[in-house]
Amino acid sequence: MAVSSHVRSNSFPSRQHPQAAHVDEQLTRLRSSEAATSSSICQRLSNLQDLHESLEKLLRLPVKQHALSQEHIERLLDGSIKILDLCNIARNGLSQMKESLKEVQSVLRRKRGDLSTEVKKYLASRKFLKKSFQKVLKNLKTGQSNEESLAVFGEAEAITIALFESLFTFMSGSKGCGKWLVVSKMMSQNKATCEAEANEFTRVDLEFQSEKSLKVEDVQILESCIEDLEDGIESLSKSLIKYRVSILNI
1 MAVSSHVRSN
11 SFPSRQHPQA
21 AHVDEQLTRL
31 RSSEAATSSS
41 ICQRLSNLQD
51 LHESLEKLLR
61 LPVKQHALSQ
71 EHIERLLDGS
81 IKILDLCNIA
91 RNGLSQMKES
101 LKEVQSVLRR
111 KRGDLSTEVK
121 KYLASRKFLK
131 KSFQKVLKNL
141 KTGQSNEESL
151 AVFGEAEAIT
161 IALFESLFTF
171 MSGSKGCGKW
181 LVVSKMMSQN
191 KATCEAEANE
201 FTRVDLEFQS
211 EKSLKVEDVQ
221 ILESCIEDLE
231 DGIESLSKSL
241 IKYRVSILNI
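Per the UniProt record's numbering, the sequence shown starts with residue 1, numbered consecutively.
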């Protein structure tokens, strides 16, 4: 009887490695979260940084390394460089906007200088960046591998790319609210509702199109939002680089 019991116990599936279980928990948390505001996007960027640090540790496990073929490794490398490219595009766009905002803030604080010129420069930059973001969104594909050995890594890549879709959409601002200025005799309550629902980028866009309502406080809020996003993207980039190095070392 003792031998029979021992044989049955060996037939049970092996327990999941604690690091793999931790990655699954992080993926579950990210699946259930949404990115609709600057604070939620920043939180997701932080969570994705933690996730890629955990994936990097998972890649160090011999059992995981043995399960990855050369083709798998190449796919992981392609995915990591794709996400790093998205980080660079977002970071460059945020940097451009921040520099333009500084010029506007300088005129507002000193109460001298050509405010209209600086506002036009910012809006022209925003228009160009919006087109760039829309092009990126159009080209993004969130497909993931169905192969079991890549399931966790493939899902992590898909969730990360989905976050960047939310980020670029957020940075582009609300299209619906942005059109209220070109509609003649727009009701004031509709304008107020739109401004209340607009994110930091859209709110400043609206104010810049009507310089009379331009407030330095809102410009400062947007600048702070941009800096928070920059910090989150920078931290995620560092984790992605470490993750990529671990893939290359296999």
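Cβ coordinates follow ideal geometry from the N, Cα and C atoms, glycine included. All of these numbers come straight from a predicted model, not from anything done at the bench.
query: Do residue 250 and residue 96 have their C-beta atoms within less than 8 Å of each other?
result: No.
query: Enumerated in chain order, which unbroken segments of the alpha helix (DSSP H) with a length of 4 residues or greater are wholly contained in the region 25-72?
result: Here the runs fully enclosed are 38-59, 62-67.
task: Output the boundary residues of the alpha helix (DSSP H) element that contains residue 124.
output: 115-139 is the span of the alpha helix (DSSP H), which, as asked, contains residue 124.
message: Whole angstroms are fine: how far does the CA of residue 118 sit from the CA of residue 165?
response: When rounded, the distance between both Cα atoms is 29 Å.
Where residue 232 falls: helix, strand or coil (DSSP): Note: residue 232 maps to helix in three-state DSSP.
Terminal residues of the alpha helix (DSSP H) in which residue 154 lies: It spans 151-172 - the alpha helix (DSSP H) in which residue 154 sits, taken as one unbroken run.
- prompt: Rounded C-beta distance between residue 223 and residue 98? I'm assuming under 8 Å.
  reply: The Cβ separation is near 6 Å, so the contact holds.
query: Can the beta-carbon of residue 244 be found less than 8 Å from the beta-carbon of residue 137?
result: No; because the gap between Cβ atoms is not below 8 Å, this pair is not in contact.
query: Residues in its own chain within less than 8 Å of residue 54 by CB, not counting five upstream and five downstream?
result: The beta carbon of residue 54 is closer than 8 Å to those of 19, 22, 23, 26 in its chain, skipping five residues each way along the sequence.
query: So what's residue 254 in DSSP terms, helix, strand or just coil?
result: Because the chain spans 1 through 250 in this model, residue 254 falls outside it and cannot be assessed.
task: Return helix, strand or coil for residue 144, following the three-state DSSP convention.
output: Low confidence applies to residue 144: its pLDDT is 46, below 50, so where it sits in the model is not reliable, and the reading given next is rough at best. The three-state secondary structure of residue 144, taken from DSSP, is coil.
message: Need the endpoints of the alpha helix (DSSP H) that residue 206 sits in, please.
response: Residues 200-209.
- request: Kindly indicate which three-state DSSP category residue 214 falls into: helix, strand or coil?
  value: Three-state result, residue 214: coil.
message: With a threshold of 8 Å, are at least 3 pairs of Cβ atoms found where one atom belongs to the region 41-55 and the other to the region 118-129?
response: No, the region 41-55 does not touch the region 118-129.
- request: Put residue 75 into one of helix, strand or coil per three-state DSSP.
  value: Assigned with DSSP and collapsed to three states, residue 75 falls in helix.
- prompt: Is residue 22 helix, strand or coil by DSSP?
  reply: DSSP places residue 22 within a helical segment (H, G or I) once states are collapsed to three.
task: State yes or no: is the C-beta of residue 59 within less than 8 Å of the C-beta of residue 210?
output: Cβ distance not < 8 Å, so residue 59 and residue 210 don't count as in contact.
- request: Excluding the 5 residues preceding and the 5 following residue 230 in the sequence, name in chain order all residues of the same chain whose CB lies nearer than 6 Å to its CB.
  value: Excluding positions up to five away in sequence, the list reads 94.
- prompt: If you check the beta carbons only, do residue 90 and residue 167 fall under 8 Å apart?
  reply: Here residue 90 is near residue 167, since their CB atoms are less than 8 Å apart.
message: Please classify residue 196 as buried or exposed, where buried requires at least 16 other C-beta atoms within 10 Å of its C-beta.
response: Here residue 196 scores only 47 on pLDDT, less than 50, and its place in the model should not be relied on; the value that follows carries that caveat. Answer is exposed; the Cβ neighbour count stays below 16.
field: Cut-off 6 Å between Cβ atoms - residues of its own chain near residue 242, not counting five sequence neighbours on either side
entry: Same-chain partners within the cutoff: 56.
- prompt: Would DSSP call residue 244 helix, strand or coil?
  reply: Reduced to three states, the DSSP call for residue 244 is helix.
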